[in-house]
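S.K.: Residue numbers (the working numbering): 1 to 124.
Note that CB positions come from ideal geometry on N, CA and C, so glycine has one too.
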């Protein structure tokens, strides 16, 4: 995952790209049709959104952001708390959820990925 953010006052524009590859395999119980099953799912997603610092002082901020959605296919939302150590380094912790609901003919991809986020920023 790679992320970029441009801030002005309490407002920000955020963007990122994510690549996820998940896989699992198992042996079948009796092996009538197959001896094993192997499944792999790859996702490449990009985000462009806007953010707003709800609370802000010289040492940190509490911000929310919302990403642009592609029709009714996906959504992305997060909440983060940042802390500024000095003029060069800051950190953020939070929670993020990303959902995709795509259907085409008989193919269905309905997934929600969610969990904690943590990051360090270097300002220049």
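#1: Which of the three DSSP states is assigned to residue 73 in this structure?
#2: Taking contact to mean at least 3 C-beta pairs separated by less than 8 Å, is the segment 33–43 in contact with the segment 54–63?
#3: Check whether the segment 41–57 touches the segment 11–25, counting contact only when three or more Cβ pairs, one atom from each stretch, lie closer than 8 Å.
#4: Which two residues bound the contiguous beta strand (DSSP E) that contains residue 58?
#5: Residue 31 by DSSP, collapsed to three states: which one?
#6: Whole angstroms are fine: how far does the CA of residue 55 sit from the CA of residue 77?
#7: If you count every other CB in all the chains shown that lies within 10 Å of the CB of residue 97, and 16 or more means buried, which is it?
#8: Suppose the cutoff is 6 Å on Cβ atoms and the five residues either side in sequence are ignored; what does the same chain contact list for residue 26 look like?
#9: What does a CB cutoff of less than 6 Å around residue 110 pick up in its chain, not counting 5 residues either side in sequence?
#10: The beta strand (DSSP E) spanning residue 101 covers which residue range?
#11: Do residue 79 and residue 64 come within 7 Å of each other at the CB atom, strictly closer than that value?
M.R.: Straight from the coordinates:
#1: In the chain shown, residue 73 corresponds to position 73, counting from 1. Three-state DSSP puts residue 73 in coil, outside helix and strand.
#2: no
#3: yes
#4: Mapped onto the chain shown, residue 58 falls at position 58. First-last for residue 58: undefined, no H or E at that position.
#5: For the purposes of this step, residue 31 is identified with residue 31 of the chain shown, where counting begins at 1. Looking at residue 31 - three-state DSSP - the assignment turns out to be coil, as it is neither helix nor strand.
#6: As a working note, residue 77 is residue 77 in the chain shown. As a working note, residue 55 is residue 55 in the chain shown. About 18 Å.
#7: For this step, residue 97 is matched to residue 97 along the chain shown. Here residue 97 is exposed, its C-beta having fewer than 16 other C-beta atoms within 10 Å.
#8: Your numbering for residue 26 matches position 26 in the chain shown. Only 37 meet the Cβ criterion.
#9: Stepping through the chain shown from its first residue, residue 110 is reached at position 110. Apart from sequence neighbours up to five positions away, the residues of its chain that approach residue 110 with a beta-carbon distance below 6 Å are 101, ordered along the chain.
#10: Looking up residue 101 in the chain shown gives position 101. Its beta strand (DSSP E) spans residues 89–104.
#11: Counting from one through the chain shown, the residue named residue 64 turns up at place 64. Counting from one through the chain shown, the residue named residue 79 turns up at place 79. Yes.
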